[in-house]
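Here is the structure we will look at, set down as structure tokens.
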Amino acid sequence: MASRRRSTGSYRAEIKGKVERFNRYLKQELARLVFIEREENVMLLGSSGVGKTHIACALALRATYAGIKTPFLTAAEFMMQLATARQQNRSHEFFNRAVMRPRLPIIDEIGYLPFGREDADLFFNVVAKRYERASIILTSNLPSTQWSTAVADDQTPTAAMLAWLLHHAHIVQISGESYRRKDKRNAGKRDTESRESSRVVQDLGGRFTSAIPRLPEQADRSD
Numbered sequence: 005m006a007s008r009r010r011s012t013g014s015y016r017a018e019i020k021g022k023v024e025r026f027n028r029y030l031k032q033e034l035a036r037l038v039f040i041e042r043e044e045n046v047m048l049l050g051s052s053g054v055g056k057t058h059i060a061c062a063l064a065l066r067a068t069y070a071g072i073k074t075p076f077l078t079a080a081e082f083m084m085q086l087a088t089a090r091q092q093n094r095s096h097e098f099f100n101r102a103v104m105r106p107r108l109p110i111i112d113e114i115g116y117l118p119f120g121r122e123d124a125d126l127f128f129n130v131v132a133k134r135y136e137r138a139s140i141i142l143t144s145n146l147p148s149t150q151w152s153t154a155v156a157d158d159q160t161p162t163a164a165m166l167a168w169l170l171h172h173a174h175i176v177q178i179s180g181e182s183y184r185r186k187d188k189r190n191a192g193k194r195d196t197e198s199r200e201s202s203r204v205v206q207d208l209g210g211r212f213t214s215a216i217p218r219l220p221e222q223a224d225r226s227d
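The sequence shown runs 5 to 227 under this note's numbering.
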């Protein structure tokens, strides 16, 4: 099983390229969606191609099946919408509709493109408004210690934002070679870990629910 350490309310999983460990962690800690009821965050960290977005989408699908509204945007798309709303004097409306109303928004690819000062301030407000009120899933190619380089290169607000995000969070650091790189090297032939990763997503999506404890709502429907 993946190791888990607790520190100031955070849950940390160290995944060292062992898909079976990741599979168990997902089933036991995330696929049940209890983190949403507890208003905890999920942060999926790792280099490009290791499966962060794949897992975020699987959790989104699982949540959607449970009737939970789960919008999905890249960080660039999200910041563009925030900036447009502010220019049109619709910031309050946008925050209510896109930031506070959804129970589980997912913001993907934080760190691929740096935030300017204005974008960083807007994102800071997003995190502040959801702190201890509702969950959020974030993915990033950067470890949290390097987020200041992507957020206006300013350590002070970034440290405050991370303190809020990490206070009640499941932090999944994924290590290993990019699946895209593996696929290219193997000329389209998936290795065992890649096939296992696909099965994880199928399980989470409900296609093979026997491998995952079903939610109460799903159990009722099947009777």
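Note that the Cβ used here is the ideal one computed from N, Cα and C, for glycine as well.
Runs of beta strand (DSSP E) lying entirely within the segment 128-180, each at least 3 residues, in chain order: 141-144 and 173-178
Coarse secondary structure for Leu117, derived from DSSP in three states: Within the sequence shown, residue 117 is the residue found at index 113, counting from 1. Looking at Leu117 - three-state DSSP - the assignment turns out to be coil, as it is neither helix nor strand.
Pro109, buried or exposed, once every other Cβ within 10 Å from all chains shown has been counted against 16: Taking the sequence shown and counting its residues from 1, the one referred to as residue 109 is at position 105. The residue is buried, with at least 16 neighbouring Cβ atoms inside 10 Å.
Burial state of Met165 (16 or more Cβ within 10 Å): If you number the sequence shown from 1, residue 165 lands on position 161. Met165 should be labelled buried.
Three-way DSSP call (helix, strand, coil) for Leu86 in this model: Mapped onto the sequence shown, residue 86 falls at position 82. Looking at Leu86 - three-state DSSP - the assignment turns out to be helix.
Anticipated Cβ contact below 8 Å, His172 with Glu33, distance rounded: Reading the sequence shown from its first residue, position 168 is the one you call residue 172. Reading the sequence shown from its first residue, position 29 is the one you call residue 33. Not quite, the Cβ-Cβ distance comes to about 13 Å (not below 8 Å), so this is no contact.
Beta-carbon gap between Ala156 and Arg121 smaller than 8 Å: Your numbering for residue 156 matches position 152 in the sequence shown. Your numbering for residue 121 matches position 117 in the sequence shown. Yes, Cβ-Cβ distance for Ala156 and Arg121 is below 8 Å.
Three-way DSSP call (helix, strand, coil) for Thr78 in this model: Counting from 1 along the sequence shown, the entry for residue 78 is found at position 74. The answer is strand: DSSP assigns Thr78 an E or B state.
Any beta strand (DSSP E) of 3 or more consecutive residues that is wholly inside the segment 42-76: 45-49
Where Val205 falls: helix, strand or coil (DSSP): Here residue 205 corresponds to residue number 201 of the sequence shown, with the count starting at 1. Unreliable positioning characterises Val205 in this predicted model, as indicated by a pLDDT of 49, which lies under 50. The coordinate reading is nonetheless provided below. Three-state result, Val205: helix.
Neighbourhood of Ala89 by C-beta distance below 6 Å, restricted to the same chain and skipping five residues each side: Your numbering for residue 89 matches position 85 in the sequence shown. Same-chain partners within the cutoff: Ser95 and Phe98.
Contact belief for Phe39 with His174 at Cβ below 8 Å, rounded distance in angstroms: Here residue 39 refers to the residue found at position 35 of the sequence shown. Here residue 174 refers to the residue found at position 170 of the sequence shown. Between His174 and Phe39 the Cβ distance is about 6 Å, and since that is below 8 Å, they are a contact.
Contact under 8 Å by Cβ, Asp112 with Thr162: In the sequence shown, counting from the first residue as 1, residue 112 sits at position 108. In the sequence shown, counting from the first residue as 1, residue 162 sits at position 158. In this structure, Thr162 does not lie closer than 8 Å to Asp112 by Cβ.
Straight-line Cα distance separating Gly180 from Gln85: The residue labelled residue 85 in the question sits at position 81 within the sequence shown. The residue labelled residue 180 in the question sits at position 176 within the sequence shown. About 33 Å.
Close-in-space but distant-in-sequence residues of the same chain around Gln159 (CB under 8 Å, 5 per side omitted): Locating residue 159 in the sequence shown gives position 155, counting from the first residue. Same-chain partners within the cutoff: Ser152.
Proximity to Gly71 [Cα-Cα], best of Val130, Phe128 and Pro106: Numbered from 1 along the sequence shown, position 67 holds the residue referred to as residue 71. Among Val130, Phe128 and Pro106, the Cα nearest to that of Gly71 belongs to Pro106.
Arg154 vs Phe119 beta-carbon contact at 8 Å: Mapped onto the sequence shown, residue 154 falls at position 150. Mapped onto the sequence shown, residue 119 falls at position 115. Note on identity: in this sequence residue 154 is Ala, with Arg being the wrong assignment. Going by C-beta atoms, Ala154 is nearer than 8 Å to Phe119.
Exposure of Ala132, with buried meaning 16 or more beta-carbon neighbours within 10 Å: Translated into the one-based positions of the sequence shown, residue 132 becomes position 128. Ala132 comes out exposed.
Those residues which DSSP pairs with Ile110 across a bridge: Position 106 of the sequence shown, counting from 1, holds the residue named residue 110. Note: Ile110 sits in a beta bridge opposite Phe76 and Ile141.
Proximity to Met104 [Cα-Cα], best of Pro75, Ile114, Tyr116 and Ala79: Working through the sequence shown from its first residue, we reach residue 104 at position 100. Ranking the options by Cα distance to Met104, first place goes to Pro75.
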